[in-house]
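Undergrad: Pasting a structure below so you can have a look.
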Amino acid sequence: LQNDDERFLFYLSFILYALKENSYFFTFVPTNILDSFFKKKSGKFNLIQSAVMSIVDKKGEVPEEMVEIIEMLSYDNVKKFLLFDRFDIETKSTTTVCGKNRAEAFRYTVPDDVEAFDIQVIGPFEKASGLGQATRLSADIFEKAGYGVHRVNFDKDNPAPEGYSRVNDVSQLPKKAKINIIHLNAEALPDAIAYMPDVFTDAYNIGYFYWELSTPAKCHSLGIDIVDEIWVSTDYGIRQYQPVADKPVTNVHMAYGEEEQESNEESRVFLMDSYGFADDDFIFLTTFDSFSFIQRKNPIGVLRAFQAAFPVEESVKLIVKTHNRYRVQDPIQLKIWEAIDAIIDMDDRIVLVNETFSYEDLLKFKKGADCYISLHRSEGWGFGMIEAMNLGLPIIATAYSGNMEFCNQENSWLVEYDEVYLSEDDYIFVIPGQKWAEPRIESAVEAMREAYQDDILRDNKVKNAKAYIEKNFSVDAVADRYRKRIDEIMESID
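Here the sequence shown is numbered in my numbering, starting from 122 and rising by one per residue.
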């Protein structure tokens, strides 16, 4: 750092990096430097705003998508943003108290004189999770249905890693909209109302909820109460929420991603090269996010069914694909992982993959397998299964919960189950009387053997599945359902 220009570029880069990655890095920036970047103004803008403008300026114009970001770099907005992250830039120290409270400190106002969007979708756009994927798809579906959409990322206290799917034109700042679609779990929705500016009072607010157990949790009550309508993707969701909601509960379905796919050959080579499989191996695949509770996803059931179905067949393999495995610290889940590790250590036909893929690589990875299996105890929807159908994989699945919206005897192997009560430690927010499925291992064994042995039946189920989801769950098909309901709402609020 030999001169002022080099020092300026260093501090500019460091400050932008701290804003993106970790607010604690601001403790290493001298106060006079922070003041010079944020408090000294040249006309309307401070130094950091002016610097960013000079970087992105194209032929005398700042790109429209950058205007909002530049506005966020005002000192007041940066201060509020950092307080939201428990950091006080005035004292350069971490804090657990932000003014009156953490939510109030972050709130900002939205101009009243700006024309409202038709639709605003709020949710964890940038997260590598089923909820993140549903949020992204909903925004795409609304655009396909012909609506103007404002995408707002909201992922406070969401531990999922960021991004394995494309994210288009996502903002951190909500705006006025006629209808807000809030893609958050019911217990998290009140946080969005508290932290965000009031873009909700004069809007029609829809909570798009996913839940796995037979009845809502107690902590869902407030989220249910403060929305005007609840959307779900399945009839299972209707049965969950309709008995406890004094408002419309609408099944609008959910789509699957329609990204361009690799060829079967390329996908197979990807698996073979990465994990040492032979071309003539028959590969079963199960996938899940470890944050989604291993008890619910039930991979140990898949392991036991696999070993019972194929005690000696060396050419039959199983991949257990997860991510976030080592971020789970719950003692009960760790014991289950110990049991899983013990099984895998004794059977070299089973491969454990713990990695967060890009969405494109995840699809390529899945397409290289021969059969997808999910012995879940409950699913709110089941992206893993419907994505496998779209990729041309036959699927074996528990005949219970959200996936039954798109799984049937003609397009899947359905595993029988017993409905059982949960214990307190099985899942989050458990209350007495809630139920889920216990898949019958003998039924799964029969399905796995048949899927392995019967080429004709396997091909028929794949064809039936592809046709069924294209007709009912493509972006075009779901856009028709979204459009029908939104048009009804627009007519009622105009």
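Glycine is no exception: its CB is placed at the ideal position from the N, C-alpha and C atoms.
Would you report the Cα separation of Ile-610 and Gly-378, rounded to the nearest angstrom?
TA: Looking at the two C-alpha atoms, the distance is approximately 26 Å.
Undergrad: Just grab the DSSP bridge partners of His-444 for me.
TA: Bridge partners of His-444: Asp-410.
Undergrad: State the DSSP-derived secondary structure class of Cys-528, mapped to helix, strand or coil.
TA: Looking at Cys-528 - three-state DSSP - the assignment turns out to be coil, as it is neither helix nor strand.
Undergrad: Check for me: the alpha helix (DSSP H) holding Glu-591 runs from which residue to which?
TA: Element bounds for Glu-591: 576-594.
Undergrad: Exposed or buried, which one is Glu-142 when buried takes at least 16 other CB atoms within 10 Å?
TA: That one is exposed.
Undergrad: What does the alpha-carbon distance come out to for the pair Gly-328 and Ala-338?
TA: So the two alpha carbons sit approximately 15 Å from each other.
Undergrad: From the DSSP output, which residues share a beta bridge with Phe-403?
TA: Looking at the DSSP assignment, Phe-403 forms a beta bridge with Val-437.
Undergrad: For my contact list, Tyr-521 and Ala-509 are in at a C-beta cut-off of 8 Å; report their separation, rounded to the angstrom.
TA: Not quite, the Cβ-Cβ distance comes to about 17 Å (not below 8 Å), so this is no contact.
Undergrad: In angstroms, rounded to a whole number, what distance separates the CA positions of Phe-238 and Gly-554?
TA: Cα-Cα distance, rounded: 42 Å.
Undergrad: So, Asp-402 versus Lys-438, is the Cβ gap smaller than 8 Å?
TA: Contact flag set, yes.
Undergrad: Find out if the Cβ-Cβ distance for the pair Val-566, Ala-429 is shorter than 8 Å.
TA: For Val-566 and Ala-429, yes; Cβs fall inside 8 Å.
Undergrad: Give the DSSP bridge partners of Ser-259, in chain order.
TA: According to DSSP, Ser-259 bridges with nothing at all.
Undergrad: Looking only at C-alpha atoms, which of Phe-135, Gln-123, Gly-397 sits nearest to Ile-169?
TA: Of the candidates Phe-135, Gln-123, Gly-397, the one whose C-alpha sits nearest the C-alpha of Ile-169 is Phe-135.
Undergrad: Give the single residue among Ser-613, Glu-526, Tyr-603, Glu-591 whose Cα lies nearest to the Cα of Trp-352.
TA: Comparing Cα-Cα distances from Trp-352 to each of Ser-613, Glu-526, Tyr-603, Glu-591, the minimum goes to Tyr-603.
Undergrad: What does DSSP give as the partner residue(s) for Tyr-377 in the beta ladder?
TA: For Tyr-377, which the question treats as bridged, DSSP gives no partner whatsoever.
Undergrad: In its own chain, which residues sit with a C-beta less than 7 Å from the C-beta of Gly-344, not counting the 5 before and 5 after it?
TA: The residues are Ala-307, Glu-308, Leu-310, Pro-311, Gly-328.
Undergrad: According to DSSP, simplified to helix, strand and coil, what is Arg-470?
TA: The answer is coil: DSSP assigns Arg-470 none of H, G, I, E or B.
Undergrad: Please look up how many angstroms separate the CB atoms of Leu-496 and Asn-419, rounded, as I've assumed it's under 8 Å.
TA: 5 Å between Cβ atoms; contact.
Undergrad: Determine which residues share a DSSP beta bridge with Glu-350 and list them.
TA: According to DSSP, Glu-350 bridges with Ile-327.
Undergrad: Are the beta-carbon atoms of Asp-349 and Tyr-325 separated by less than 8 Å?
TA: Contact flag set, yes.
Undergrad: Name the residue from Ser-354, Gln-361, His-271, Asp-356 whose alpha carbon lies nearest to the alpha carbon of His-341.
TA: Here the closest residue by C-alpha is Gln-361.
Undergrad: Look at the Cβ atom of Ile-590, then the Cβ atom of Phe-527, and state whether they are nearer than 8 Å.
TA: Going by C-beta atoms, Ile-590 is nearer than 8 Å to Phe-527.
Undergrad: Could you please give me the residues that DSSP links to Ile-303 through a beta bridge?
TA: Paired residue(s): Ile-243, Gly-328.
Undergrad: With H, G and I counted as helix, E and B as strand and the rest as coil, what does DSSP make of Lys-248?
TA: Reduced to three states, the DSSP call for Lys-248 is strand.
Undergrad: What first and last residue would you give for the beta strand (DSSP E) that runs through Arg-272?
TA: From DSSP, the beta strand (DSSP E) with Arg-272 extends over 270-274.
Undergrad: Roughly how far, in whole angstroms, is the beta-carbon of Glu-500 from the beta-carbon of Asn-524, given that I think they are within contact range, below 8 Å?
TA: Confirmed, Cβ separation roughly 5 Å.
Undergrad: Thinking C-beta only, is Leu-473 closer than 8 Å to Lys-488?
TA: Contact flag unset, no.
Undergrad: Assuming Val-199 contacts Ile-210 under a Cβ cut-off of 8 Å, what Cβ separation, rounded to an integer in Å, is found between them?
TA: That pair is a contact at about 7 Å.
Undergrad: According to DSSP, what are the bridge partners of Ala-292?
TA: Here residue 292 is Ser; the residue named in the question, Ala, does not match the sequence. Partner(s): Val-273.
Undergrad: Which residue's Cα is closest to the Cα of Val-583: Asn-124, Lys-556, Asn-532?
TA: The candidate whose alpha carbon is nearest that of Val-583 is Asn-532.
Undergrad: Looking only at its chain, what residues have a beta carbon closer than 6 Å to the beta carbon of Ala-172, apart from the 5 residues adjacent to it on each side?
TA: Here the set comprises Leu-133.
Undergrad: Does the contact criterion of 3 or more C-beta pairs under 8 Å hold for the segment 450-465 versus the segment 379-391?
TA: Short answer: they don't touch.
Undergrad: Counting only the same chain and skipping the five closest in sequence on each side, list residues whose C-beta sits under 6 Å from that of Ile-464.
TA: So the list reads Leu-424, once near-sequence residues are dropped.
Undergrad: With a threshold of 16 other CB atoms inside 10 Å of the CB of Arg-448, please say whether the residue is buried or exposed.
TA: Flag for Arg-448 reads exposed.
Undergrad: If the criterion is Cβ atoms closer than 8 Å, does the pair Lys-265 and Ala-600 meet it?
TA: Yes, the pair counts as a contact, with Cβ atoms nearer than the cut-off.
Undergrad: So what does DSSP say about Asp-539, is it helix, strand or coil?
TA: Strand at Asp-539.
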